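A quick write-up on the structure given underneath.
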Amino acid sequence: MRRSLWQCGWAKDGAPESLDIIIIDSTDPIGPAEGLFAVDFYRDCFKALREGGIVVQQSESPLSHSNTIIKDIHVDIATAGATSSHTFQFPQVIYPSGWWSCTLACKGGDATDFRIDDAVNKEFRTEYYNADIYASGIAIPAFMKRSLGIED
């Protein structure tokens, strides 16, 4: 019998509420990594997270996968118990389409309001980062909003 990675990994057997963050930088959701994009795996992750914890999942190209993989991640992660999820996009020139994403989901709280107070009230000078850059980083293009059923 072939077992997926989540069935034999740490997430399934992890101590409840023992982690603050889980970062999943997996391969594409096919073959052995398919289980890392499944409701059962996400449930195990949320069981291992403390209240306020976050899961970050590699979620492919927004240009190619907004209506499929990314949408499925949002549905599955909500089914698994996330209180909020949000897909962040960024340039990644060596990947197909040159534009990639990760989806962040919270166990309690809002996936878009972390560290906003720090960005607004930072106590040190930066040359690039500020609250406006933070806000632009969480913006979602109109085509993704339509794919994810978010009002524009």
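Residues in the sequence shown are numbered from 89 upward in steps of one, following our numbering.
Each residue gets a CB set at the ideal place from its N, CA and C atoms; glycine is no exception.
Note that the structure is a prediction, hence the values are computed from the model and not measured.
**Prompt:** Are there 16 or more other CB atoms within 10 angstroms of the CB of S154, so buried, or fewer, so exposed?
**Reply:** In the sequence shown, counting from the first residue as 1, residue 154 sits at position 66. Buried, because 16 or more other Cβ atoms sit within 10 Å of the Cβ of S154.
**Message:** Quick check on V181: buried or exposed, where buried means 16 or more other Cβ atoms within 10 Å of its Cβ?
**Reply:** Working through the sequence shown from its first residue, we reach residue 181 at position 93. The residue in question, V181, is exposed, as its Cβ has fewer than 16 Cβ neighbours within 10 Å.
**Asked** Is it buried or exposed for A244, if we count other Cβ within 10 angstroms and need 16 for buried?
**Response** This structure cannot speak to residue 244, because the chain is shown only from 89 to 240.
**Item:** Sequence-distant residues of its chain with Cβ nearer than 6 Å to D132 (five each side left out)
**Value:** Taking the first residue of the sequence shown as 1, we reach residue 132 at position 44. Excluding positions up to five away in sequence, the list reads A99 and K100.
**Prompt:** Mapping DSSP to helix, strand and coil, what is A168?
**Reply:** To locate residue 168, count along the sequence shown from 1; it is residue 80. It is coil, neither helix nor strand.
**Exposure of A223, with buried meaning 16 or more beta-carbon neighbours within 10 Å** = Position 135 of the sequence shown, counted from the start, is the residue given in the question as residue 223. Result: exposed.
**Prompt:** Can you tell me the Cα-Cα spacing of A126 and I238, whole angstroms?
**Reply:** Translated into positions along the sequence shown, residue 126 becomes position 38. Translated into positions along the sequence shown, residue 238 becomes position 150. About 22 Å.
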